[in-house]
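Participant: Sharing a structure here in structure tokens format.
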Amino acid sequence: MVNLKKDSLIIANKKFNSRLIVGTGKYNSMSECAKAIKLSGAEIVTVAVRRVNISDKNKPLLMDYIDPKKITYLPNTAGCFNSKEALRTLRLAREIGGWKLVKLEVLGDKKNLFPDMIETLKSTEVLAKEGFKVMVYCNDDPLMAKRLENSGADAIMPLAAPIGSGLGIQNKINIQIIRKQTKLPLIIDAGLGQASDATIAMELGCDGVLVNTAIAKAKKPFEMALAFKNAVIAGRQSYKSGRIDKILMGNPSSPSKGII
Amino acid sequence: MKKIKKIKIKINGKIKSINQDSNLSLVLKNLKIPLNKVAIELNEEIIDKKKISKIKLNKNDKIEIVHFIGGG
Chain A
1260 MVNLKKDSLI IANKKFNSRL IVGTGKYNSM SECAKAIKLS GAEIVTVAVR
1310 RVNISDKNKP LLMDYIDPKK ITYLPNTAGC FNSKEALRTL RLAREIGGWK
1360 LVKLEVLGDK KNLFPDMIET LKSTEVLAKE GFKVMVYCND DPLMAKRLEN
1410 SGADAIMPLA APIGSGLGIQ NKINIQIIRK QTKLPLIIDA GLGQASDATI
1460 AMELGCDGVL VNTAIAKAKK PFEMALAFKN AVIAGRQSYK SGRIDKILMG
1510 NPSSPSKGII
Chain B
50 MKKIKKIKIK INGKIKSINQ DSNLSLVLKN LKIPLNKVAI ELNEEIIDKK
100 KISKIKLNKN DKIEIVHFIG GG
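Taken in sequence, the protein lines are chains A and B.
Last residue of the first sequence: 1519 in my numbering, with the numbers rising by one and none dropped.
Last residue of the second sequence: 121 in my numbering, with the numbers rising by one and none dropped.
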């Protein structure tokens, strides 16, 4: 049996037992978000950096619902459209409480939400020099993934399809090529729609998946959180087990010898 | 009694009137900001939270106070 307990996900020298990272956006309430995270078993959650509401001081705070001592907060630059904005956001994030592990996401187009890879690469270089541990949302281009790796990225996070689209994995070949070339953690960042998409990502050899919309906007978010948890475990186990070769014709499962 | 002069500053995009010579620590205290859960920028420069009582605010200063919220 595959011992999954020993099969930890290691990012920037930190060990995690769960290979599912979940986003904390789009939930109906903080308590719904916290419960879904618990059910998902995720140990890392992405969070956004935004202005404090100074006129409504009683607004609930994320940290009151999700304890950053128990769950690793991964500050994200979602909503940034250039390097300057992304760097400003992550430097602030670090200041909130010493976070160095961050997710860089520099978007290039408001409609398809594809990453601007030139700004992303520039930002990765600066952040790595400043001592950040950078997990980078990127396109599925193997050449760009390599350049990010050479620039000091700590994890490569290609999209499977546009953010929030739920289209599932549209780029298996590119993901497999990136898998072959990199020893960095490879985490599918965007576009998953249902639990089986996560299984496929893991079977392609990815080290983890990041899911937000597919759980938060499912009709039953708690059940979907659990489904994703199981799907990631199943996919990893399947990948580690070594699948059979594909053949064109049938191959009977019962022996032909002794047929009456 | 000497009248305390007021100055206008911007906090998170909103104009606020504060007493002249107020320090940053006092302004944040009045807003009940939980310092351990935020980061602060003054005129686009990150402020060391340990030094806020030493920072005097000037007219038209821009303060940004940010924290973590739900996001993907």
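Glycine included, every Cβ here is placed at the ideal spot set by N, Cα and C.
1. Residues in the same chain with beta-carbon distance under 8 Å from Asn1489 (chain A), minus the five sequence neighbours each way, listed in chain order, please.
2. Output, in chain order, the set of chain B residues within a Cβ distance shorter than 8 Å of Ala1355 (chain A).
3. May I have the straight-line CA-CA distance separating Lys1370 (chain A) from Ala1337 (chain A), to the nearest angstrom?
4. So which residues on chain B does Ala1307 (chain A) lean against when the C-beta distance must stay under 9 Å?
5. Is there a Cβ of chain A sitting closer than 8 Å to that of Lys63 (chain B), yes or no?
6. Can you name the residues of chain B whose CB is closer than 8 Å to the CB of Thr1472 (chain A)?
7. Taking just the CA atoms, how far does Lys1316 (chain A) sit from Pro83 (chain B)?
8. How would you call Pro1444 (chain A), buried or exposed, if buried means at least 16 neighbouring beta carbons within 10 angstroms?
9. At which residue ranges does the segment 1368 to 1437 of chain A contain complete alpha helix (DSSP H) runs of 4 or more residues, listed in the order of the chain?
10. Establish whether the CB of Pro1334 (chain A) and some CB of chain B are separated by less than 8 Å.
11. Determine the chain B residues that contact Thr1441 (chain A) at a beta-carbon separation under 8 Å, and present them in chain order.
12. For a test of the three-state rule: what should DSSP assign to Glu113 (chain B), helix, strand or coil?
13. So does Arg1353 (chain A) have its beta carbon nearer than 7 Å to some heavy atom of the ligand GDP?
14. Could you tell me the alpha carbon to alpha carbon distance between Val1306 (chain A) and Gly1509 (chain A), rounded to whole angstroms?
15. Classify Ser1410 (chain A): buried if its beta carbon has 16 or more other beta carbons within 10 angstroms, exposed otherwise.
16. Report the three-state DSSP secondary structure of Lys105 (chain B) (helix, strand or coil).
17. Specify the secondary structure class of Tyr1286 (chain A) as computed by DSSP and reduced to three states.
18. Would Val1297 (chain A) and Leu1333 (chain A) be called neighbours here (beta carbons separated by less than 8 Å)?
19. So is Ala1301 (chain A) in contact with chain B if we call contact Cβ pairs under 8 Å?
Facilitator: Answer, in terms of the structure:
1. Ala1454
2. One point to set straight first is that residue 1355 (chain A) is Ile, not Ala, in the sequence displayed. Correct list: Lys86, Val87, Ala88, Val115, His116, Phe117.
3. When only Cα atoms are considered, Lys1370 (chain A) and Ala1337 (chain A) end up about 14 Å apart.
4. For Ala1307 (chain A), the residues of chain B that pass the 9 Å Cβ criterion are Phe117, Ile118, Gly119, Gly120, Gly121, in the order they occur in the chain.
5. yes
6. Gly121
7. 10 Å
8. buried
9. 1376 to 1388, 1401 to 1409
10. Taking Cβ atoms only, chain B reaches closer than 8 Å to Pro1334 (chain A), which makes this a yes.
11. Going along chain B, no residue has its Cβ under 8 Å from Thr1441 (chain A), so there is no contact; the nearest lies around 23 Å.
12. strand
13. In the structure shown, the ligand GDP is absent, as is every other ligand, since no ligand is present at all.
14. 49 Å
15. buried
16. strand
17. Note: Tyr1286 (chain A) maps to coil in three-state DSSP.
18. Here residue 1297 (chain A) turns out to be Lys, not Val, going by the sequence shown. Contact: no.
19. The beta carbon of Ala1301 (chain A) sits no closer than 8 Å to any beta carbon of chain B.
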